Every structure is written in C-alpha cells, then in structure tokens.
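Quick notes on the structure that follows.
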Amino acid sequence: MKMIKIEDVHKSFQKLEVLKGISLEVNKGEVIAIIGPSGSGKSTLLRCLNRLETIDRGSIEIEGELLVSTGLDGKSQYVPEQDARRICRKMGMVFQSFNLFPHLTVLENVIEAPMIVKGVKREEIVPQAEALLKKVGLVDKRDSYPSRLSGGQKQRVAIARALAMAPDIMLFDEPTSALDPELTGEVLKAMRQLAEEHMTMLVVTHEMAFAREVANHVIFMDNGEIVEQGLPEDIFNRPTHPRTKAFLSNVMQS
Amino acid sequence: MEYILGILGPMLEGTVVTLEMFFVTIALSLPLGLLLSLARISRFKALRDIVGVYIWLFRGTPLMLQLLFVYFGLPLIPYIGIKLDDFPAAVFAFVLNYAAYFAEIFRAGIQSIDRGQYEGAKVLGMTYVQTMRRIVLPQVIKRVLPPVSNETITLVKDTSLIYVLAMNDLLRTTRAIVQRDFSTTPFIVAGVVYLLMTLVLTWGFQKLEKKYAVYDE
Numbered sequence: 001m002k003m004i005k006i007e008d009v010h011k012s013f014q015k016l017e018v019l020k021g022i023s024l025e026v027n028k029g030e031v032i033a034i035i036g037p038s039g040s041g042k043s044t045l046l047r048c049l050n051r052l053e054t055i056d057r058g059s060i061e062i063e064g065e066l067l068v069s070t071g072l073d074g075k076s077q078y079v080p081e082q083d084a085r086r087i088c089r090k091m092g093m094v095f096q097s098f099n100l101f102p103h104l105t106v107l108e109n110v111i112e113a114p115m116i117v118k119g120v121k122r123e124e125i126v127p128q129a130e131a132l133l134k135k136v137g138l139v140d141k142r143d144s145y146p147s148r149l150s151g152g153q154k155q156r157v158a159i160a161r162a163l164a165m166a167p168d169i170m171l172f173d174e175p176t177s178a179l180d181p182e183l184t185g186e187v188l189k190a191m192r193q194l195a196e197e198h199m200t201m202l203v204v205t206h207e208m209a210f211a212r213e214v215a216n217h218v219i220f221m222d223n224g225e226i227v228e229q230g231l232p233e234d235i236f237n238r239p240t241h242p243r244t245k246a247f248l249s250n251v252m253q254s
Numbered sequence: 001m002e003y004i005l006g007i008l009g010p011m012l013e014g015t016v017v018t019l020e021m022f023f024v025t026i027a028l029s030l031p032l033g034l035l036l037s038l039a040r041i042s043r044f045k046a047l048r049d050i051v052g053v054y055i056w057l058f059r060g061t062p063l064m065l066q067l068l069f070v071y072f073g074l075p076l077i078p079y080i081g082i083k084l085d086d087f088p089a090a091v092f093a094f095v096l097n098y099a100a101y102f103a104e105i106f107r108a109g110i111q112s113i114d115r116g117q118y119e120g121a122k123v124l125g126m127t128y129v130q131t132m133r134r135i136v137l138p139q140v141i142k143r144v145l146p147p148v149s150n151e152t153i154t155l156v157k158d159t160s161l162i163y164v165l166a167m168n169d170l171l172r173t174t175r176a177i178v179q180r181d182f183s184t185t186p187f188i189v190a191g192v193v194y195l196l197m198t199l200v201l202t203w204g205f206q207k208l209e210k211k212y213a214v215y216d217e
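Protein chains in written order, with full-length UniProt numbering: chain A, 1 to 254; chain B, 1 to 217.
In structure tokens, the structure reads:
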C-alpha cells in the first residue's frame, strides 16, 4: 500500500495554473524532498494533500483511502467532511511560519489537539507530550508561551505538536525558511531524527544539503510540473533536465 | 451633609434601576453580538447581508429613537403589535443596539487573527467550531478588551436615556429631587455615583487586560 498516491492533480488560482497535472507516489518510510524555484507550486502541492487548498481535478489517496477524485463532470469531488478530516489526520504538518497558538503554553500547544480532537485524557497525554518535548530538546520550556521562544525553538515545538497527534506522514512546508541561519541546524536535526525513525516525510525545502543527505528521493518542480525526480545523488550530481541544471547551479552559487 | 444623606436613599433606588438595566443589557448583548459577528463573517451571503442591514439600522439611528419605537411604536403595528412593559421594552432596545456595536467589535477582532491560526488548527484535525472556541475566540478576547471596555462604560451613561419611558433610574430620580428642592447638589451626587460605577468597570477591565497580558502575540 502506498502512503500517498496522487494522480493528475490540477490546481489554479484564478487564471494562474499552479499545478499542471502532478502525479506522485510515496512509500512508507520514504523521505521526499521537494525542491524548486519559488512559485513552482511545491508548497501548493503539499497544501493540497491536507485540504489547505482544494484541487480542481485529479485524485489523492492517503494510505489507500480516497480523499478526492475527479467526478463525472470533470471536477474534483471530495469525500464527506468527516471522512476527509479523519483521512487528513494521518498527516501532520509543519509550517514556515510555525503557527503556534500564542495564548497557550508550549505544553498546552502540544496537548490541545489530542485532547479536543481525539478526546485523550489530560493525564494520559501530558507524559506523551513531555516525552515529545524532550525529544526536541524543549522540555524545560513546557510552561513558556511561544512569544518567549526563538524561531528554532518555536519550530521544534511545532514539530512536537504535530507528532502528538501520532501521524503516519509528516509534511514540512519550508520549515527553516523563516529562521536565522544559525537556528536552522536545531530544526534540521529534529527532522533528521524523525527520518531515522522511518517517519514518512514530504519536505518542501531550500536546504539543499538536507535534501541531499536525508532525503531518499528528490523531486524538482518548476512551473507547476515535476520536471525531474530521482535519487539525491543523481539529481544533485547528474541532473539531466536543463531547468534542473539551471536551478541547481543557481542555488549552489549563493 | 445631612441633606445628602437624606436624598441618598431615593437616589440609590434609582441607581439600582440603572444597574439592572446595565447588567441585563451586558449579559444579553455580548453573546448576541458574538453570534451576530459570526453570522457577519459566515460563508452564507444572505446571512451576512441580513446582519449587515441589521447593524446598519441599529448603529445608524439614535438609541433614543429605537427606545421610543419599541415602547410606543411596536404596539401600534397591526396584527403583530405587542405592548411591552417599560423595563422589557428598554432592555429590548438596548440589547439590540449594543449587540450591533459589539458585533462589529468582535468581527474586527476575529478578522484580525492570522489565517495561519486556522490552518494550524485545521491540520491538527480541529473542526470550525473547535477552532473558534479553543483557538480563535480566546485570542479575540484579548484584542477586543479595550473597545469592549469603551462600549461598556458608554452603556452605563446611556442607561439614563430610559427616562423617556418614565423609568426612575438614577438620573430621572435626581432630576425630580432637583426640581423639588431647587438645589444642584443632587446633580453632583449623581455625577459621583456615575463616576464610581465607571471606576469599578475601569478597574475590572484593567484586571482582565492584565490577566491576558501573560502572553504576547
């Protein structure tokens, strides 16, 4: 069974077509890095997976369950809201802008969703949450409010918060792009640790070193299409498509 | 001093009427305002438009006119005409009026919350209701405290409008005493009572703001 299977996904914002028929399969435990210039549609692709954006056409399957498919009228048809929410809960997401809840402490941020979405009892989830915070190295910040944390700490809380829902798949949307360069390392370390535990991960990133070392599959997107994909060493050392070559030589220079 | 003590009795009775109006209005108009604000931003255009017209009507006409209309105008409407007693009529007009203002305050507050908060909640599996209750509205409260405090203080003084329904609130009682005794002292006493009421409110809201100051955004 594929963890994610998407076929011929199309998405437009008004007249601008940002995804032009994307197909992709993700196996369990795979770490996929999605790279490409800004505006290439890579974040949109990730956001379509958990319904932050709705697709116009195509199909998405998560762990064998259909989330959306193309109806007879040629437009996308989503499964009922409750099913969709249950299916999407299998995916956790980490945003570029953290999106922590500022009115809740670090610990409350992590336990909130398990308690109100899954109905887990507080005394059950708190030890789990503390273990997750320990894992990302922030258990001593459990009672701090997010505004007191650095960007790197915020992002690690966001990772712990997503993991608290026990997802099978983690989506990372440029998780280090809003961070000062010296803070990216701690976040990448937490992600690397997750990859080592065989979490299935989709990572939209500008961190080429991370993509090269941690990912086992790299996808290069440009202009709403998957231009080239393959093993990291092939994509980075022997890109075949001219657009991949141009993009890589550009980012490697800077 | 003896004179003041003498008039204090009836004036405090008037104050009770004022406070009753105030508390009943606040207790009803805050939740109604919240519901209206949610309707104002709902995805149903018809609902948004209806609430928009409602808010326009109640913010766009004098509260005094609304008060007179509910008390004297409603009974005259054929078939559905209802005659309300003075207190329910006054509460009805005040609640509808203040809910319109609160709705706009809450709407602005809700719309000031970053879209990322909704997305963060959504990817954690929360429903719209859960997101509003647990994530958005608690943050909205912090942001709307200053304007809500403003409206609340205005309401204390607006309650004096009920004199047009011949209800014996603080101000009408005071006026009666002034006309009886030819003394301006009751006016000063009334001013002090109003000041005390708004002072308590100001303190209360300061406390609330402090409570919500534990986190920054």
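Glycine included, C-beta positions come from ideal geometry on N, C-alpha and C. The structure presented is a predicted model; accordingly, all values stated were derived computationally and were not measured.
The residues I105, F106, A108, G109, in chain order, have a CB closer than 8 Å to that of V144 of chain B in the same chain once the five nearest residues on each side in sequence are set aside. Considering only A:P167, A:H206, A:I34, the residue with the shortest C-alpha distance to L179 of chain A is A:H206. Bounds of the beta strand (DSSP E) holding G21 of chain A are 16-26. About 7 Å separates the beta carbons of T54 of chain A and S76 of chain A, which is inside the 8 Å limit, making them a contact pair.
Taking a Cβ-Cβ threshold of 9 Å, none of the residues of chain A is close to I41 of chain B; the smallest such distance is about 19 Å. With respect to D86 of chain B, L28 of chain B sits apart: the two C-beta atoms are not nearer than 7 Å. Taking 7 Å as the CB threshold, V123 of chain B lines the interface with chain A.
DSSP places T131 of chain B within a helical segment (H, G or I) once states are collapsed to three. Judged by DSSP in its simplified three-state form, D222 of chain A adopts strand.
Assignment of beta-bridge partners to T200 of chain A by DSSP yields A:I169.
Contacts between M126 of chain B and chain A, judged by CB atoms closer than 8 Å, involve A113, I116, V117 in chain order.
Residue pairing by DSSP places T70 of chain A opposite A:S76 in a beta bridge.
Per DSSP, the beta-bridge partners of G230 of chain A are A:V218. Counting only the Cα atoms, M221 of chain A lies some 14 Å from M208 of chain A. Bounds of the alpha helix (DSSP H) holding V123 of chain B are 115-123.
Identification of residues in the region 146-176 of chain A having a C-beta nearer than 9 Å to some C-beta of chain B yields P146, S147, R148, A158, R161, A162, A164, M165, L171, given in sequence order. A straight-line Cα-Cα distance of about 46 Å links V110 of chain A and G60 of chain B. The alpha-carbon of E17 of chain A is positioned some 9 Å away from that of N223 of chain A. Residue A:K28 holds the alpha-carbon nearest to the alpha-carbon of N216 of chain A among A:V106, A:Q96, A:K28. Not flagged as an interface residue toward chain B: N109 of chain A, since no C-beta distance is shorter than 7 Å. Listed along chain B are G116, E119, G120, V123, each with a C-beta nearer than 9 Å to that of F95 of chain A. When only Cα atoms are considered, V106 of chain A and N150 of chain B end up about 33 Å apart. It is roughly 7 Å from the alpha-carbon of Q128 of chain A to the alpha-carbon of A164 of chain A. Per the coordinates, the alpha-carbon of V204 of chain A lies some 9 Å from the alpha-carbon of A211 of chain A.
Scanning its chain for C-beta atoms nearer than 8 Å, with the 5 sequence neighbours on each side dropped, one finds around S97 of chain A the residues A178, in chain order.
Taking a cut-off of 8 Å for Cβ pairs, the region 129-148 of chain A and the region 158-172 of chain A touch, as three or more such pairs fall below it. Listed in chain order, the non-local C-beta contacts of E7 of chain A below 7 Å within the same chain comprise S23, G58, S59, local neighbours out to five positions each way being set aside. For E174 of chain A, there is no enclosing alpha helix (DSSP H), as DSSP marks it with neither H nor E. The three-state reading of DSSP puts G92 of chain A in strand, counting E and B together. Checking the DSSP bridge columns, you'll see I6 of chain A partnered with A:L24, A:I60.
Residues of the region 40-52 of chain A with a C-beta less than 9 Å from any C-beta of chain B: R47, N50, R51, L52, listed in chain order. From the listed residues B:L195, B:A213, B:K211, the smallest Cα separation to T15 of chain B is found for B:L195.
Beta-bridge analysis with DSSP links I235 of chain A to no other residue.
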